Ligand SMILES: [Zn+2]
Ligand SMILES: [Zn+2]
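Chains as they are written, first to last, in our numbering: chain V, 886 to 1394; chain Z, 886 to 1394.
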């Protein structure tokens, strides 16, 4: 945080290059510690006096967290959630303007409670049960046709009128829409296959609800509302662009879906002037065939032409380990460059533990395919050449700590590879991937894990400031809009610092 | 492994510096993959034809391990042990000449079975039980005085004659001498405090057995025998140099203990000409006072003078998180440099998850105090300046994967920070710390975890060769002896390759 004094810096450099020490000099030691501190994310951020006071307060809070019986980043998020909620650091992070959320998926933006309490209480909502066990939903004007491998449809409004109390039903619906559970998460999800299996079931359960046109609009609006309430000012949403359906069974094309995102965004921004907007990264399943991906790329090129300022680019999604490696699709993914069409890529890559396999090669291939950012990049530290490339070209890694923990890439978040990346100020942004699926919401929980877990005692207010600024700097916004967004953010940030200044008039202990 | 062709290397470099790609060139991709592969530990090792054949066999074995239902490095060693034992990779690693074991502690070298079946069956062996519950032992000519907070002494030879079958007794003794258990290790050791508590109890239980002079000699000889049987040719033993006692209760001084190590080593080498020898790193508890450490350093300087070729240097041991940071002892540890006496250091440092605390600073401080190697260095990747320094000065990290997992620094060994270090060919050696305590033995189990867990599919025979060579290059042996040891090792290595060559006459499927 504090700039190194020149003579000390020179001494430190000399030592680093060639020094063998006769006796350890405390000033040299201090210089090296400062040098190391200055290398981390936000390490060279100059803080105002008010920021320094807030930083001192944060430091106290962190020392408390580190010395507590349970250190939340060391345990599974499902167990840690309540501890995090009651922690003063989290409360501060909630209020903090965090900039943009750059890695969030379309149908996991909104607390599942809202789906249960709002959406499933709407008229014409039918549900059936599968053997897995899971549930499926559909909205329909008439009784829907039976679904293969699902029980007969039940009209929820009928069912609920027959029940004395709907708590059990609602709880059981909720359980099917998220991975979050009060049970022992290790027992509930003993393996990656188990947790991904449940993930896909929950995804299919949500699908019938959120692809119904009125819900689709409301869901996205509600998602913006929740991120905005968590002090996020900008969103890049990875969206599958489903064919959204109406009550009569008719459905819209994918351009309609994208247009709807745009309309809802505009409507939201018009009533929330401190929200900067959103962009869509169009996504396609990575388990698809070569020709399907080629078609998706062609379509994405067209959509990018039609929505040049609203669509950010293209990505492939789904479990990397079970999907096809990026290189398998190289011909399809080279189409835009060959045709001279700009289609930015935001590839998920390296969300894997399978060291050295074809899939593990995705981080390098994403860079070879000129990706703008890397989704997760969990495997990046295992690829020194790719890591170097990502740093030199400013290709930010979208780090989603809770997602990686719940999907069993790492247990103790202090061992998350992004901890090392942040200590070297590698370009990173923090995001939440599928917050509703993991029982999180917005960005604050993931900011907590990254700030407290990766940084330990050493990360500070400057790190947080840098992470927020990174989320705009590495966004898909063009430079001019980035500047505008940063101005807006800085205003909110100053207000945040003033309101939480321990010496200020706003502050309450 | 294969040297990069010059034009491709040039293309790769160009790309790394400044390249934005129009269309991904498969040859460039191949060049970058090769470049990355060449950067890892052993990545530039040139393999003979026979080695290449063995490497291909190893690769097949690894693919099998990666595709199995349970990937041993991903689970706790206590569960993985049997899987590892039956794996063909492990059987090959056992036969492989591994060079030196540079991080092993004095009283955890030998399988506890030997303590139970040999040592506790000797005459005059008394045992008592503490409340923890644990046990204590003493050898004595007459009935020993009662021990505080322990049951009355029982003479084991008396007890055993009264028992119909001694299996239960022997099992219960064994349980007290090691952390290894068939129970659920997560339940048995829910926290770092719990596992370190049990570690210290087991250590105290072993103490009374191994500090009895005849056992002391036999234990060390047995330790050398077991490491030698595991195809380790050289040992650097961290030794507390206890005051070893005789049956009449008299005890020897620490110089006697060091001299005994030297005598036994010479005796062992004289009958095992393919064993190169051993050196002692004298250790002291890090929970001691400043004056106690100053006294220990003074004594170590004297011992180094008296045993210049047998004593390697000095270290502080015990749980880092609960001990004092190195910097606290800086005055004592600066004594040798001030007096112009050479006392090499081999500090344990960074065996901690407590990011950013005083203890976490040990890795930098070890380097400032001119350490020759870093014990564990688990926290090194969180210290970019220290990491850089360790690399530039060739200060090797002694990586002990099983120890770090059992002592709860990391659960899935694929996330061990040394994986990243090895992918950058950071100077590392693999060792086993306290194998008997963890239910391991020799070096092969830790080599398995490092080779299969850190390297994934990508590490190969060259990595193993490099690790073995590192263990001699980074040893405390003077250069001339290093060369001799390497010649001896190379002879053994060639024999190993010949005997396991899938095309050779020795090889049996
Ligand atoms: Zn994602
Ligand atoms: Zn150790």
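By construction, the Cβ of each residue, glycine as well, lies at the ideal position given by its N, Cα and C atoms.
Keep in mind that this is a model prediction, so the values were computed, not measured.
Endpoints, the beta strand (DSSP E) within which residue i is located
i, result
"residue 1023 (chain V)", "1020-1024"
"residue 1121 (chain V)", "1119-1124"
"residue 1167 (chain Z)", "1162-1170"
"residue 1215 (chain V)", "It is not in any beta strand (DSSP E) - residue 1215 (chain V) instead sits in the alpha helix (DSSP H) that spans 1215-1224."
"residue 1066 (chain V)", "Segment: none, residue 1066 (chain V) is in no beta strand (DSSP E) and carries neither H nor E."
"residue 1259 (chain V)", "1256-1261"
Chain-order list of residues whose beta-carbon lies under 8 Å from that of residue i (same chain, five-residue window excluded)
i, result
"residue 1207 (chain V)", "1081 and 1172"
"residue 1106 (chain V)", "1149, 1152 and 1153"
"residue 1377 (chain Z)", "982, 1116, 1118 and 1159"
Cβ-heavy atom distance, residue i to ligand 2, below 6 Å
i, result
"residue 836 (chain Z)", "Limits of chain Z in this structure are 886 at one end and 1394 at the other, which puts residue 836 (chain Z) out of reach."
Cα-Cα separation between residue i and residue j, rounded to whole angstroms
i, j, result
"residue 1374 (chain V)", "residue 1262 (chain Z)", "40 Å"
"residue 1035 (chain Z)", "residue 999 (chain Z)", "24 Å"
"residue 1178 (chain Z)", "residue 1304 (chain Z)", "34 Å"
"residue 1241 (chain V)", "residue 1299 (chain Z)", "12 Å"
"residue 1368 (chain Z)", "residue 1103 (chain Z)", "30 Å"
"residue 1057 (chain Z)", "residue 1188 (chain Z)", "39 Å"
"residue 1204 (chain V)", "residue 1232 (chain Z)", "43 Å"
"residue 1040 (chain V)", "residue 1129 (chain V)", "21 Å"
"residue 972 (chain V)", "residue 1133 (chain Z)", "60 Å"
"residue 1009 (chain Z)", "residue 1044 (chain Z)", "12 Å"
"residue 1386 (chain Z)", "residue 1214 (chain V)", "39 Å"
"residue 1327 (chain V)", "residue 1349 (chain V)", "16 Å"
"residue 1117 (chain V)", "residue 1168 (chain Z)", "53 Å"
"residue 1063 (chain V)", "residue 1323 (chain V)", "7 Å"
"residue 1316 (chain V)", "residue 918 (chain Z)", "29 Å"
"residue 1068 (chain V)", "residue 1087 (chain V)", "17 Å"
"residue 1001 (chain Z)", "residue 1059 (chain Z)", "6 Å"
"residue 955 (chain Z)", "residue 1115 (chain V)", "40 Å"
7 Å CB neighbourhood of residue i in its chain, flanking five on each side removed
i, result
"residue 1346 (chain Z)", "932, 936, 939, 940 and 943"
"residue 1248 (chain V)", "1234, 1235, 1259, 1262, 1264, 1265, 1268 and 1271"
"residue 1239 (chain V)", "1206 and 1245"
"residue 1147 (chain V)", "1192 and 1195"
"residue 1127 (chain Z)", "1096 and 1142"
"residue 1026 (chain V)", "1009, 1132 and 1133"
Span of the alpha helix (DSSP H), counted from its first residue to its last, around residue i
i, result
"residue 1399 (chain V)", "Beyond the ends of chain V as shown, which are 886 and 1394, falls residue 1399 (chain V); an answer cannot be given."
"residue 1156 (chain V)", "1139-1156"
"residue 1347 (chain Z)", "1346-1358"
"residue 933 (chain V)", "Looking at the DSSP string, residue 933 (chain V) is not in any alpha helix (DSSP H), and its letter there is neither H nor E."
"residue 1323 (chain Z)", "1320-1323"
"residue 1109 (chain Z)", "1098-1114"
"residue 1073 (chain V)", "1070-1073"
"residue 1186 (chain V)", "1175-1191"
Neighbourhood of residue i by C-beta, 6 Å cutoff - its chain only, sequence neighbours within 5 removed
i, result
"residue 1394 (chain Z)", "Low confidence applies here, because residue 1394 (chain Z) scores a pLDDT of 47, under 50, leaving its location unreliable; read the following figure in that light. If we look at residue 1394 (chain Z) and ignore the five residues flanking it on each side, it has no Cβ neighbours."
"residue 1109 (chain V)", "1153"
"residue 1243 (chain Z)", "1210"
"residue 923 (chain Z)", "929"
"residue 961 (chain V)", "1070"
"residue 1012 (chain Z)", "1020, 1022, 1039 and 1041"
"residue 1398 (chain V)", "Here chain V covers residues 886 to 1394 and nothing more, so residue 1398 (chain V) does not appear."
"residue 1037 (chain Z)", "none"
"residue 1371 (chain Z)", "1357"
What residues in the stretch 1291-1306 of chain V have a beta carbon less than 9 Å from any beta carbon of chain Z?
Residues of the stretch 1291-1306 of chain V whose Cβ lies closer than 9 Å to any Cβ of chain Z, in chain order: 1293, 1294, 1295, 1296, 1297, 1299, 1300, 1301, 1302, 1304 and 1305.
Could you name the residues of the stretch 1257-1268 of chain V whose beta carbon sits closer than 7 Å to any beta carbon of chain Z, in the order they occur along the chain?
1266, 1267 and 1268
The stretch 1217-1244 of chain V: positions lying closer than 9 Å to chain Z by Cβ
1218, 1219, 1222, 1223, 1238, 1239, 1240, 1241 and 1242
Scan the stretch 1319-1345 of chain Z for residues whose Cβ lies nearer than 9 Å to a Cβ of chain V and list them as they occur along the chain.
1338, 1339, 1340, 1341, 1342, 1343 and 1344
Taking a Cβ distance cut-off of 8 Å, strictly less, list which residues of the stretch 951-970 of chain V are near chain Z, in chain order.
951 and 959
Could you list the residues in the stretch 1190-1203 of chain V with a C-beta less than 9 Å from some C-beta on chain Z, going in chain order?
Within the stretch 1190-1203 of chain V, no residue qualifies.
Pull out every residue of the stretch 1052-1080 of chain Z whose Cβ sits closer than 7 Å to any Cβ of chain V, in chain order.
Cβ contacts with chain V: none found.
Can you list, in chain order, the residues of the stretch 1363-1382 of chain Z whose Cβ is nearer than 7 Å to any Cβ on chain V?
none
Residues of the stretch 919-938 of chain V with a CB closer than 7 Å to any CB of chain Z: list them in chain order, please.
920, 921 and 924
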